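Residue numbers (our numbering): -8 to 297. Idealized CB from N, CA, C, for every residue including glycine. Since the structure is predicted, the reported quantities are computational estimates derived from the model, not experimental observations. Taking it in order: structure first as structure tokens, then the write-up.
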């Protein structure tokens, strides 16, 4: 566990990342911290790397601090209402102190967004840290997050964001299912993706293959965004945040989903963009069919997405 089980020590540890009273009842938050740790930190880093840094915290103070900051802020954000209520004999009641006033609704919402940003932005920093220091932390290569991007045409959020907008690592992880759908259902009939993936994985990419990859990537990204919006009734704002009634991508929850008309408009927009990119890809493929074994024979076929 990243945090101490000793109540007094736990309070001191939490004070480094969130404002918390010395008299706070730690039993209200200990299990929530552990759940967040399992859901986000262990899921991203993998059990082997997590155990290494958690069992020898004095050796890895920077890594522990980064992870604690994410866990503390995400825990408060995701459990904001729960941490502000008590179950009494007559039902739920709001926690209030004798000498303190409750926050206004808008203040609560602003505070929640601060916890949200501090927590989920920190997850991006954590992943970047371990990617940059992969030689010092080779266990990260065994994590599902790391392995998921190996040999893929859209390996990470940075490539994805070249054709969309900046998104976080967590959002990208949930978009990977839609990326794969676009590849399997829409692109595999045009290009032999298995050959391209093998070339990417081996690092031996020809100039022709590189050009094909450059042209196929925006098609995949636009279709993946359209599939995500279409399937889940979601939108993705400028920060790459999913918004709907309950969103798994980064725990963000909004009571009201986006307007259906808006979602449908965005789906059409990204499908149209995919078609425009597709035309450029097809021009490239038509000139390479005779020399490039990666190109499937689609003579007299037209591929469009409506």
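| request: State buried or exposed for residue 217, treating a residue as buried only when at least 16 other CB atoms are found within 10 Å of its CB. | output: As a working mapping, residue 217 is identified with position 226 in the chain shown. That one is buried.
Discussion item. Can you look up residue 38 in the DSSP assignment and give me helix, strand or coil?
Written reply: Your numbering for residue 38 matches position 47 in the chain shown. Reduced to three states, the DSSP call for residue 38 is helix.
Exercise. Who are the Cβ neighbours of residue 55 in its own chain at under 8 Å, not counting the five residues just before and after it?
Worked result: Taking the first residue of the chain shown as 1, we reach residue 55 at position 64. Excluding sequence neighbours, residue 55 sits near -7, 44, 45, 48.
- Query: Can the beta-carbon of residue 278 be found closer than 8 Å to that of residue 131?
  - Reply: As a working note, residue 278 is residue 287 in the chain shown. As a working note, residue 131 is residue 140 in the chain shown. For residue 278 and residue 131, no; Cβs fall outside 8 Å.
Exposed or buried, what is residue -2 when buried is set at 16 or more other beta-carbons lying within 10 Å of its beta-carbon? For this step, residue -2 is matched to residue 7 along the chain shown. Under this definition residue -2 is an exposed residue.
- Query: From this set, 117, 154, 199, 152, which residue's C-alpha is nearest residue 137's C-alpha?
  - Reply: The residue you call residue 137 lines up with position 146 of the chain shown. It is 117.
request  = From the DSSP output, in three-state form, read off residue 76 for me.
outcome  = Position 85 of the chain shown, counting from 1, holds the residue named residue 76. Strand at residue 76.
* Which one or two residues does DSSP pair with residue 258 in a beta bridge? -> For this step, residue 258 is matched to residue 267 along the chain shown. Answer is none; residue 258 lacks a bridge partner.
Whole runs of the alpha helix (DSSP H) within the region 131 to 197, excluding any shorter than 4 residues
135 to 139, 148 to 152, 160 to 173, 184 to 193
Query raised in the report: Just curious, the alpha helix (DSSP H) that residue 69 is in, first and last residue?
Result: Translated into positions along the chain shown, residue 69 becomes position 78. Here the alpha helix (DSSP H) through residue 69 covers 52 to 69.
Could you pull out every residue in the same chain whose Cβ sits closer than 6 Å to the Cβ of residue 203, ignoring the five residues on either side in sequence? Here residue 203 refers to the residue found at position 212 of the chain shown. So no residue of the chain qualifies.
(message) Please return the same chain residues whose Cβ sits closer than 8 Å to the Cβ of residue 40, not counting the five positions on each side in sequence.
(response) One-based indexing of the chain shown puts residue 40 at position 49. If we look at residue 40 and ignore the five residues flanking it on each side, its Cβ neighbours are 121, 128, 130, 131, 133, 134.
Once you ignore the five residues that flank residue 58 on each side, which residues in its own chain have a CB closer than 7 Å to its CB? One-based indexing of the chain shown puts residue 58 at position 67. The answer, listed in chain order, is -7, 32, 117.
Query raised in the report: Which whole-angstrom value describes the C-beta separation of residue 208 and residue 154, a residue pair presumed to lie in contact below a C-beta threshold of 8 Å?
Result: Position 217 of the chain shown, counted from the start, is the residue given in the question as residue 208. Position 163 of the chain shown, counted from the start, is the residue given in the question as residue 154. Residue 208 to residue 154, Cβ: 6 Å. Contact.
Hey, could you find the ends of the alpha helix (DSSP H) residue 108 is sitting in?
-> Counting from 1 along the chain shown, the entry for residue 108 is found at position 117. Residue 108 -> alpha helix (DSSP H) spans 96 to 123.
Q.
So the candidates are 12, 5, 61; which of them puts its Cα closest to the Cα of residue 29?
A. Taking the chain shown and counting its residues from 1, one reaches residue 29 at position 38. Cα-wise, what sits closest to residue 29 is 61.
Item to complete: Under the assumption that residue 148 contacts residue 163 (Cβ atoms under 8 Å), give the Cβ distance between them as a whole number of angstroms.
Response: Here residue 148 refers to the residue found at position 157 when the chain shown is read from its first residue. Here residue 163 refers to the residue found at position 172 when the chain shown is read from its first residue. Contact holds; Cβ gap of about 4 Å.
- Query: From residue 12 to residue 2, what distance separates their C-alpha atoms?
  - Reply: Position 21 of the chain shown, counting from 1, holds the residue named residue 12. Position 11 of the chain shown, counting from 1, holds the residue named residue 2. Rounded to whole angstroms, residue 12 to residue 2 spans 8 Å at the Cα level.
Own chain, CB closer than 7 Å to residue 167, minus 5 neighbours either side, in chain order: Translated into positions along the chain shown, residue 167 becomes position 176. Result list for residue 167: 139, in chain order.
With H, G and I counted as helix, E and B as strand and the rest as coil, what does DSSP make of residue 233? The sequence position of residue 233 within the chain shown is 242, counting from 1. Reliability of the predicted coordinates at residue 233 is poor, the pLDDT of 47 falling under 50, and the value obtained from them is presented with this limitation in mind. If DSSP states are grouped into helix, strand and coil, residue 233 belongs with the strands.
Exercise. Are the CB atoms of residue 219 and residue 151 nearer to each other than 8 Å?
Worked result: By 1-based counting over the chain shown, the position of residue 219 is 228. By 1-based counting over the chain shown, the position of residue 151 is 160. For residue 219 and residue 151, no; Cβs fall outside 8 Å.
Do you know whose CA, among 6, 63, 51, 34, lies nearest residue 22's CA?
-> In the chain shown, residue 22 corresponds to position 31, counting from 1. Closest by alpha carbon: 63.
Roughly how many whole angstroms lie between the Cα atoms of residue 271 and residue 250?
On the chain shown, position 280 is the one that residue 271 refers to. On the chain shown, position 259 is the one that residue 250 refers to. Cα-Cα distance, rounded: 32 Å.
Taking 7 Å as the limit between beta carbons, can you name the residues of its chain near residue 67, skipping five residues before and five after?
In the chain shown, the residue the question calls residue 67 occupies position 76. Closer than 7 Å at the Cβ level, and outside the excluded window around residue 67, lie 9, 74, 106.
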